[in-house]
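Engineer: Under our numbering, the first residue of the sequence shown is numbered 2, with each subsequent residue one higher.
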Amino acid sequence: MYKRQVQHLNFLTEAKNTLEKLGKKVYIGDAGEKTIYKGQILGCDFATAKSIADKVEGFIIISGGNFHGLGVQLATGKKTVVADPFLNEARALDELVKLTIKKRWIQISRFAESKNIGVLLILKSGQLNLELAEKIKKMLEEKGKKAVLICVREVTPENLNSFIDVEAFVNTGCPRIPIEDQSKFNKPILNPREVLTGLGVLPWEKCEKTLLEKNI
Numbered sequence: 002m003y004k005r006q007v008q009h010l011n012f013l014t015e016a017k018n019t020l021e022k023l024g025k026k027v028y029i030g031d032a033g034e035k036t037i038y039k040g041q042i043l044g045c046d047f048a049t050a051k052s053i054a055d056k057v058e059g060f061i062i063i064s065g066g067n068f069h070g071l072g073v074q075l076a077t078g079k080k081t082v083v084a085d086p087f088l089n090e091a092r093a094l095d096e097l098v099k100l101t102i103k104k105r106w107i108q109i110s111r112f113a114e115s116k117n118i119g120v121l122l123i124l125k126s127g128q129l130n131l132e133l134a135e136k137i138k139k140m141l142e143e144k145g146k147k148a149v150l151i152c153v154r155e156v157t158p159e160n161l162n163s164f165i166d167v168e169a170f171v172n173t174g175c176p177r178i179p180i181e182d183q184s185k186f187n188k189p190i191l192n193p194r195e196v197l198t199g200l201g202v203l204p205w206e207k208c209e210k211t212l213l214e215k216n217i
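1. Would you mind stating whether LEU212 and MET140 have Cβ atoms separated by less than 8 Å?
2. Which two residues bound the contiguous alpha helix (DSSP H) that contains ALA76?
3. Which residues in the same chain have their Cβ closer than 7 Å to the Cβ of ALA113, if we skip the five residues on either side of it in sequence?
4. Just checking my contact of PHE170 with LYS188 at CB under 8 Å: how many whole Å lie between their CB atoms?
5. Taking the straight line between their C-alpha atoms, what separation do you get for GLN227 and ILE137?
6. Just mark GLY40 as buried or exposed, buried being the case when its beta carbon has 16 or more other beta carbons within 10 Å.
7. Within this structure, are the beta carbons of VAL82 and GLY59 separated by less than 8 Å?
8. Using only the alpha-carbon positions, how far apart do ALA76 and THR36 sit?
9. Here's the rule: buried if 16 or more other CB atoms are within 10 angstroms of the residue's CB, otherwise exposed. What is CYS98?
10. Three or more C-beta pairs under 8 Å: does that hold for the segment 170-180 against the segment 86-98?
11. Identify every run of the beta strand (DSSP E) within the segment 99-176, keeping only runs that are complete inside it and at least 3 residues long; order them along the chain.
12. Please return the same chain residues whose Cβ sits closer than 6 Å to the Cβ of ASN117, not counting the five positions on each side in sequence.
13. Nearest CA to the CA of LYS103: which residue from CYS208, SER115, SER163 and LEU133?
14. Look at ALA50 and ILE42 and say whether their C-beta atoms are less than 8 Å apart.
15. Is DSSP giving PHE60 helix, strand or coil here?
16. With DSSP run on the structure shown, which of helix, strand or coil describes LEU43?
17. So PRO179 and LEU197 are supposed to be a Cβ contact under 8 Å. How far apart are they, rounded?
18. Residues bridged to VAL83 by DSSP?
19. Given ASN160, which residues of its chain have a CB within under 6 Å of its CB, disregarding the five upstream and five downstream residues?
20. DSSP three-state label for ILE53, please.
21. Identify the residues that DSSP records as bridge partners of LEU212: which are they?
22. If ARG105 sits next to GLU195, beta carbons under 8 Å apart, how far is it from one beta carbon to the other, in whole angstroms?
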């Protein structure tokens, strides 16, 4: 029951051996389509964790910060602990998960009441997804909302504040921004799967497990 970020690859064998000496059965998920190494997770790809979710009771994530661990627990529903090599501490994420879900539901509810939506087309390397942005724009318009594509390189309050008539935004780039940085913005910013719930297409019970997925 172990996960890691690629920059902590050297800890993989050590952690596995330590857990096995304590009598634990350890699984390391296979690499997914977007990952290279076994056990590797990305901010927008938790396939490695999902591949072994039915075999484990929980996950350990070796990572600085909580984002990747948060994503694993949201995606799998299994208890996740972050082993932080920078702070030399371990953190359970149960309370953070509950708080995150509550905050996202508030933003989805605000989005549902909005009429004018900006779909963000991220020009930053590796994040451009015109097909997804156009698909979301079409879906919003079919549901009676006004939608416009907005090209930005960085999703910052300064870049979005100038769009006065836009009431909410859809992020088609890194899913970390709505989850970690929403408090910096005055208007809701949703990830693609959250949009489906805001439009009444995807039940909230399914949405909360896919908050960080980029596809719809």
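Backbone N, C-alpha and C define an ideal beta-carbon position, used for all residues, glycine too.
Structural biologist: Checking against the coordinates, here is how it stands:
1. no
2. 68-77
3. GLY199
4. 6 Å
5. Lying before the first or after the last residue shown, residue 227 is absent from the chain, which here runs from 2 to 217.
6. buried
7. yes
8. 17 Å
9. It is worth fixing the name first, because residue 98 is Val in this sequence and not Cys. Counting Cβ neighbours within 10 Å, VAL98 comes out buried, since at least 16 surround it.
10. no
11. 117-123, 147-153 and 169-172
12. LYS147, ASP166, VAL167 and GLU168
13. CYS208
14. yes
15. strand
16. strand
17. Not a contact, Cβ separation roughly 14 Å.
18. ILE62 and ARG92
19. VAL153
20. coil
21. BP columns for LEU212 are empty, so no partner.
22. 7 Å
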